[in-house]
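What the sequence shown shows, in the working numbering, is residues 26 to 316, in sequence order.
Presented below is the structure to which this report refers.
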Amino acid sequence: MRVLIIFFSFITTVSFAQESEIKIYSGPAPGSAAWNWQEKTSDSNMIRQRLVYNVVQPSLTAFIPAAGTGNGTALIVCPGGGFHFLSINSEGFDVAQWLVKKGVTVFVLKYRLIQTQGSDPVKEFFSSSMSRGERDAQAKEIIQLAIADGRAAISWVRKNAATYHINSDRIGIIGFSAGGTIAASTATNYVADTKPNFVAPIYAYMPSDLQLDPSTDAPPMFLACASDDQLGLQANSIELYERWNKAKKPVEMHLYAKGGHGFGMQVHNIAADGWIERFGDWLKDLGMLKN
């Protein structure tokens, strides 16, 4: 019995805490107060991943480092999914679980999405008869709401930094695909409360009409994508890199030969699997993993 007690005490010591969801707005989210549908999850869908869809009330799920292991750095994680759903594990919770072991306090963001009528948001997305231009037009309003959610998340974490033992000057944001739109957009047009201290758009959807040149105090940026991205989004990352590089702002980019779109934390036994390690190296170089 004593051995079991010691074992479970050890597990408690080295594990991290995952909190319940935190609403980032005190009332209905601005701009969508009339939305009356319910957030749902899906485990039976075309891509066979756990997905969240029909998000109405944006929220954060916090992952807290084990006692004594936190380093004061916080990171907001924005999963992707074409603004129709969130790949909540591969581009959300799995990322958080990797980083929290490095002492980072992580907040996975559920941001507002286009409403799905059926039970399979992926099927509905791909079966739509809309053209790419029509899809972009449909998403335009939602994109602005999602970006607002990203900025609100940064502001919320900064205001509550003391509660989570976070340094308010060490708050970053990472996003994948559509989530990368949010992460990259917060790197410009910010105010003091909403400015991220570092950003990481991963195979981000960030066309030229959404991009702005970095300010003189722009945050460092980390980029990763694959040359064989089926959606052609590597061009978006290259343009972001060139904007930051031209402005002589800190930027690092990893462009993998293989990986396609949406590799996230999945293991394919290719070089792109190591992007999270490179991100960890980059955080270390920035001094974000020091106590």
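By construction, the Cβ of each residue, glycine as well, lies at the ideal position given by its N, Cα and C atoms.
Between which two residues does the beta strand (DSSP E) holding Val-182 run?
Where Val-182 is concerned, there is no enclosing beta strand (DSSP E), although the alpha helix (DSSP H) it sits in stretches over 157 to 184.
Sort out for me which residues DSSP pairs Tyr-50 with in a bridge.
Bridge partners of Tyr-50: none, in fact.
Could you check where the alpha helix (DSSP H) with Gly-204 kicks off and where it finishes?
Element bounds for Gly-204: 203 to 210.
For Tyr-215 and Ser-144, what's the separation of their Cα atoms in angstroms?
Using only the alpha carbons, I get a separation of about 36 Å.
Just how far apart, CA to CA, sit Asp-119 and Ala-178?
Spanning the two alpha carbons is a distance of roughly 19 Å.
Nearest chain D C-beta to Leu-248 closer than 8 Å, yes or no?
The structure shown contains no chain D; it is built from a single protein chain.
Ignore the nearest five residues each way along the sequence and tell me which others in Arg-183's own chain have a CB closer than 7 Å to its CB.
Around Arg-183: Ser-193, Ile-196, Asp-218.
Counting beta carbon pairs with one atom in the segment 274 to 283 and one in the segment 245 to 252, are three or more of them shorter than 8 Å?
Yes, since at least three Cβ pairs between the segment 245 to 252 and the segment 274 to 283 fall closer than 8 Å, the two stretches touch.
Which residue's Cα is closest to the Cα of Arg-137: Ala-162, Thr-98, Ile-89, Gln-63?
When each option's Cα is compared against that of Arg-137, the closest is Gln-63.
Spell out the partners DSSP gives His-279 in its beta bridges.
According to DSSP, which records beta bridges pairwise, His-279 is partnered with Ala-249.
Using only alpha-carbon positions, find the residue among Tyr-189, Ile-191, Ala-186, Gln-169 that is nearest to Ala-208.
Nearest C-alpha to Ala-208: Gln-169.
Using a Cβ-Cβ cut-off of 6 Å (strictly less than) and excluding sequence neighbours within five positions of Ala-282, which residues of its own chain qualify?
Ser-252.
Does DSSP put Ser-144 in a helix, a strand or coil?
Three-state DSSP puts Ser-144 in coil, outside helix and strand.
Is it right to say Gln-142 is buried, meaning 16 or more other beta carbons lie within 10 angstroms of its own, or is it exposed?
Exposed.
Assuming Tyr-78 is part of the beta strand (DSSP E), what are its boundary residues?
Where Tyr-78 is concerned, the enclosing beta strand (DSSP E) stretches over 76 to 78.
Mark Gly-128 as exposed unless 16 or more other C-beta atoms lie within 10 angstroms of its C-beta, in which case mark it buried.
Gly-128 comes out buried.
May I ask you to report which of helix, strand or coil DSSP gives Gly-42?
Note that residue 42 is Ala in the sequence shown, not Gly. If DSSP states are grouped into helix, strand and coil, Ala-42 belongs with the strands.
Looking only at DSSP bridge pairs, what is Ser-84 linked to?
Answer by DSSP bridge pairing, in chain order: Lys-48, Lys-135.
On the premise that Asp-161 lies in contact with Pro-83, defined as a C-beta separation below 8 Å, what is that separation, rounded to the nearest angstrom?
At roughly 22 Å, the Cβ-Cβ gap does not stay under 8 Å, so Pro-83 and Asp-161 are not in contact.
Report the rounded CA-to-CA distance for Leu-265 versus Gly-305, giving the unit in angstroms.
Roughly 20 Å between the two C-alpha positions.
Pick helix, strand or coil for Leu-235, following the three-state DSSP scheme.
Helix, per DSSP.
Assign Phe-151 to one of two classes, buried (16 or more other C-beta atoms within 10 Å of its C-beta) or exposed (fewer than that).
Counting Cβ neighbours within 10 Å, Phe-151 comes out exposed, since fewer than 16 surround it.
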